[in-house]
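Protein chains in written order, with the numbering used here: chain D, 197 to 498; chain Z, 3 to 286.
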């Protein structure tokens with residue numbers, strides 16, 4: 197069965213015989229293109245944010261690799277003013293929102309994962325229905341206004357507290373925990389809360405990490421609700437980014453920069469962009485290994 | 003369980019009831035319930051509104067473009083990654099292509115604008131090389147390809163996850179058997195790989211069809227201004243512009259409701275078709 201091909205490299209299965217050089221070259225080119233398309237924009241933004249004014253001007257606004265890196269743009273925007281404040285808002289909303297969402301989602305997912313919960317099946321259907329038929333933008337807007345949440349940070353959290361997809365992922369994960377564990381705990385006299393805290397949660401760290409990341413990313417990135425519900429002094433970072441980078445408003449107009457410390461607008465804009473991106477880049481490597489697992493549990497069940 | 007359930011009842015069903023505003027003339031001072039009923043007036047007005055049909059047409063146009071160009075690319079990347087024999091390289095490329103999915107639309111749009119606008123990276127490069135420059139941002143003709151390119155950049159990598167998982171489940175023995183029968187790489191790809199992942203391709207295609215009217219609200223809203231409503235308006239931004247910016251609440255809710263209904267019909271139809279074709283579909 198295993199012929200001459202596999203003698204070259206015994207660990208490879210027989211059907212993976214050495215590909216032709218042309219095929220390999222084509223693949224290498226394709227991969228390089230894909231990687232470059234993703235990575236070059238990042239590189240340019242980070243480089244430009246670190247470049248000196250002179251270099252930015254000399255390059256017509258763009259720097260691929262700064263020869264004389266400086267943190268001036270960062271010092272400017274973090275020295276108090278609108279970006280600093282927005283950064284605080286974003287961090288706060290992300291932390292509180294993620295915790296609240298994780299708690300509510302896991303409680304509900306646990307209740308729905310246990311067989312024989314009163315009304316379990318209809319409740320699940322009621323929830324899945326909202327996934328197919330979202331209420332729509334205008335009614336949601338009227339509701340938040342009607343509840344008096346305008347210009348409160350709660351308007352960024354309450355309307356998006358539970359994500360159905362995340363709920364289904366967690367429920368699927370909880371259902372995968374062996375029934376014997378539940379039974380053993382019951383025999384030892386553990387109630388629902390004890391089972392949940394002592395058995396289910398510790399076993400679900402991976403799933404909770406993925407769902408937590410999804411929530412954190414969505415809170416961190418959200419700007420639309422902030423733009424319609426909040427006054428500009430309450431804005432999170434992403435909405436500030438939208439106004440000053442996409443909208444093209446000058447950050448220095450808003451009392452942001454210290455006198456005599458003005459940097460080129462591009463460096464400032466790029467620095468805000470980097471600050472908005474960095475937290476995601478920081479958590480990304482730690483959670484990346486759980487993605488596939490988490491996403492698949494959800495996809496298979498739904 | 004109670005807080006979670008309360009959330010769904012309030013923010014989904016509670017809000018859902020709010021759709022009655024589509025049948026009213028909303029007077030902010032009176033509130034939702036005291037505002038006068040107008041029956042289907044908002045709907046008749048909507049069907050006679052050229053701007054509304056324009057937004058609908060744009061929505062379909064962009065949706066079809068996305069389906070044609072965005073859908074096959076994740077599959078192609080997944081097949082490419084799957085064919086790599088180096089584990090390290092595959093993991094590395096995977097990590098890189100997933101990354102843009104986690105950036106917000108604000109960042110992605112800002113990135114594209116910085117690279118492609120008339121003063122951006124591409125044009126300063128073209129200008130330096132003496133080639134004439136192209137304005138891509140703010141050019142209505144380029145808007146539709148641009149938004150599709152953005153979606154591809156942001157989410158094509160993420161879309162590979164599910165295809166890759168499906169590819170992993172293909173039985174290795176089938177490849178082996180095919181190889182022994184003398185099938186080369188192409189034949190194995192054609193007769194083993196593709197048939198094995200066909201169900202998942204169909205499933206994802208249906209899901210996209212059902213979702214076709216939602217063509218990236220945030221993405222469109224962020225860029226609508228740079229090209230104007232002529233090409234930039236889709237149904238979601240129409241609702242936003244009429245209702246939240248313009249204050250024509252009942253009218254906007256009617257348009258939103260219309261979009262929801264068409265979307266629901268599409269989901270049902272797509273699922274029906276899937277069953278007819280002998281695939282599993284999204285639900286039974």
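Even glycine gets a Cβ: it sits at the ideal position worked out from N, Cα and C.
Quick check on DSSP: helix, strand or coil for residue i?
{"i": "residue 310(D)", "result": "coil"}
{"i": "residue 247(D)", "result": "coil"}
{"i": "residue 457(D)", "result": "Any reading at residue 457(D) must be qualified, since the residue scores a pLDDT of 42, below 50, and its modelled position is unreliable; no value is offered."}
{"i": "residue 431(D)", "result": "coil"}
{"i": "residue 81(Z)", "result": "helix"}
{"i": "residue 265(D)", "result": "coil"}
{"i": "residue 393(D)", "result": "helix"}
{"i": "residue 102(Z)", "result": "helix"}
{"i": "residue 202(D)", "result": "Per-residue confidence for residue 202(D) stands at a pLDDT of 37, beneath the threshold of 50, marking its modelled position as unreliable; no derived number is given."}
{"i": "residue 235(Z)", "result": "coil"}
{"i": "residue 183(Z)", "result": "coil"}
{"i": "residue 449(D)", "result": "A caution first: residue 449(D) carries a pLDDT of 42, below 50, which makes its placement in the model unreliable, though a value can still be read off. Helix at residue 449(D)."}
{"i": "residue 217(Z)", "result": "coil"}
{"i": "residue 497(D)", "result": "Any reading at residue 497(D) must be qualified, since the residue scores a pLDDT of 45, below 50, and its modelled position is unreliable; the value itself is stated next. Looking at residue 497(D) - three-state DSSP - the assignment turns out to be helix."}
{"i": "residue 400(D)", "result": "coil"}
{"i": "residue 374(D)", "result": "coil"}
{"i": "residue 286(Z)", "result": "Interpretation of residue 286(Z) is limited by its pLDDT of 46, a score under 50 that renders its predicted location unreliable; no figure is taken from the coordinates."}
{"i": "residue 417(D)", "result": "helix"}
{"i": "residue 359(D)", "result": "coil"}
{"i": "residue 157(Z)", "result": "helix"}
{"i": "residue 248(Z)", "result": "coil"}
Could you confirm whether any beta carbon from chain Z is found closer than 8 Å to the beta carbon of residue i?
{"i": "residue 463(D)", "result": "no"}
{"i": "residue 332(D)", "result": "yes"}
{"i": "residue 262(D)", "result": "no"}
{"i": "residue 452(D)", "result": "Because the pLDDT at residue 452(D) is just 45, under 50, the model does not fix this residue reliably, and the value given afterwards should be weighed accordingly. With 8 Å as the cut-off, residue 452(D) does not count as an interface residue toward chain Z."}
{"i": "residue 347(D)", "result": "no"}
{"i": "residue 203(D)", "result": "For residue 203(D), the predicted structure reports a pLDDT of 40, less than 50, and the residue's modelled location is therefore unreliable. A value from the coordinates is still provided. No, residue 203(D) does not count as interfacial toward chain Z."}
{"i": "residue 337(D)", "result": "yes"}
{"i": "residue 223(D)", "result": "yes"}
{"i": "residue 369(D)", "result": "no"}
{"i": "residue 392(D)", "result": "no"}
{"i": "residue 449(D)", "result": "Reliability of the predicted coordinates at residue 449(D) is poor, the pLDDT of 42 falling under 50, and no value is obtained from them."}
{"i": "residue 206(D)", "result": "In this predicted model, residue 206(D) has a pLDDT of only 42, less than 50, meaning its place in the structure is not dependable enough to derive any value."}
{"i": "residue 329(D)", "result": "yes"}
Mind reading off the beta-carbon distance from residue i to residue j? Whole number of angstroms is fine, and I expect it under 8 Å.
{"i": "residue 286(D)", "j": "residue 416(D)", "result": "6 Å"}
{"i": "residue 400(D)", "j": "residue 369(D)", "result": "6 Å"}
{"i": "residue 139(Z)", "j": "residue 165(Z)", "result": "That belief does not hold up - the Cβ atoms of residue 139(Z) and residue 165(Z) are roughly 31 Å apart, past 8 Å."}
{"i": "residue 251(D)", "j": "residue 262(D)", "result": "6 Å"}
{"i": "residue 513(D)", "j": "residue 293(D)", "result": "Limits of chain D in this structure are 197 at one end and 498 at the other, which puts residue 513(D) out of reach."}
{"i": "residue 240(Z)", "j": "residue 223(Z)", "result": "11 Å between Cβ atoms; not a contact."}
{"i": "residue 433(D)", "j": "residue 282(D)", "result": "4 Å"}
{"i": "residue 234(D)", "j": "residue 269(Z)", "result": "The Cβ separation is near 32 Å, so there is no contact."}
Thinking just about the alpha-carbon of each residue, which of the options is nearest to the one in residue i?
{"i": "residue 233(Z)", "options": "148(Z), 265(Z), 245(Z)", "result": "148(Z)"}
{"i": "residue 205(Z)", "options": "275(Z), 55(Z), 97(Z)", "result": "275(Z)"}
{"i": "residue 54(Z)", "options": "268(Z), 261(Z), 277(Z)", "result": "261(Z)"}
{"i": "residue 470(D)", "options": "152(Z), 58(Z), 113(Z)", "result": "113(Z)"}
{"i": "residue 57(Z)", "options": "224(Z), 217(Z), 278(Z), 273(Z)", "result": "217(Z)"}
{"i": "residue 246(Z)", "options": "355(D), 439(D), 420(D)", "result": "420(D)"}
{"i": "residue 222(D)", "options": "49(Z), 243(Z), 83(Z)", "result": "83(Z)"}
{"i": "residue 465(D)", "options": "73(Z), 77(Z), 116(Z), 60(Z)", "result": "116(Z)"}
{"i": "residue 76(Z)", "options": "178(Z), 160(Z), 87(Z), 101(Z)", "result": "160(Z)"}
{"i": "residue 229(D)", "options": "95(Z), 104(Z), 145(Z), 168(Z)", "result": "95(Z)"}
{"i": "residue 257(Z)", "options": "322(D), 332(D), 435(D)", "result": "332(D)"}
{"i": "residue 426(D)", "options": "240(D), 341(D), 319(D)", "result": "341(D)"}
{"i": "residue 177(Z)", "options": "254(Z), 195(Z), 210(Z)", "result": "195(Z)"}
{"i": "residue 73(Z)", "options": "105(Z), 111(Z), 153(Z), 142(Z)", "result": "153(Z)"}
{"i": "residue 330(D)", "options": "305(D), 310(D), 360(D), 311(D)", "result": "360(D)"}
Would a check of beta-carbon distances place residue i closer than 8 Å to chain D?
{"i": "residue 243(Z)", "result": "no"}
{"i": "residue 152(Z)", "result": "no"}
{"i": "residue 286(Z)", "result": "Because residue 286(Z) sits at a pLDDT of 46, beneath the cut-off of 50, its placement in the model cannot be relied upon, and the point is left open."}
{"i": "residue 220(Z)", "result": "yes"}
{"i": "residue 85(Z)", "result": "yes"}
{"i": "residue 266(Z)", "result": "yes"}
{"i": "residue 237(Z)", "result": "no"}
{"i": "residue 82(Z)", "result": "yes"}
{"i": "residue 246(Z)", "result": "yes"}
Contact list for the stretch 227-256 of chain D against chain Z, Cβ threshold 9 Å: 227, 230, 231, 233, 234, 235, 236, 237, 238, 240, 241, 244, 255, 256
Residues from the stretch 53-80 of chain Z in contact with chain D, defined by Cβ distance under 8 Å: 79
The stretch 465-482 of chain D: positions lying closer than 7 Å to chain Z by Cβ: 469, 472, 473, 476, 480
Proximal residues, the stretch 248-261 of chain Z versus chain D, C-beta separation under 7 Å: 251, 254, 255, 258, 259
Within 8 Å of chain Z by C-beta, residues of the stretch 411-426 of chain D in sequence order: 413, 416, 417, 418, 419, 420, 424
Interfacial residues, the stretch 92-120 of chain Z to chain C, with Cβ spacing under 8 Å: No chain C appears in the structure shown, which is made up of the protein chains D and Z.
Near-chain D residues of the stretch 180-209 of chain Z - C-beta to any C-beta below 8 Å: 180, 181, 182, 187, 190
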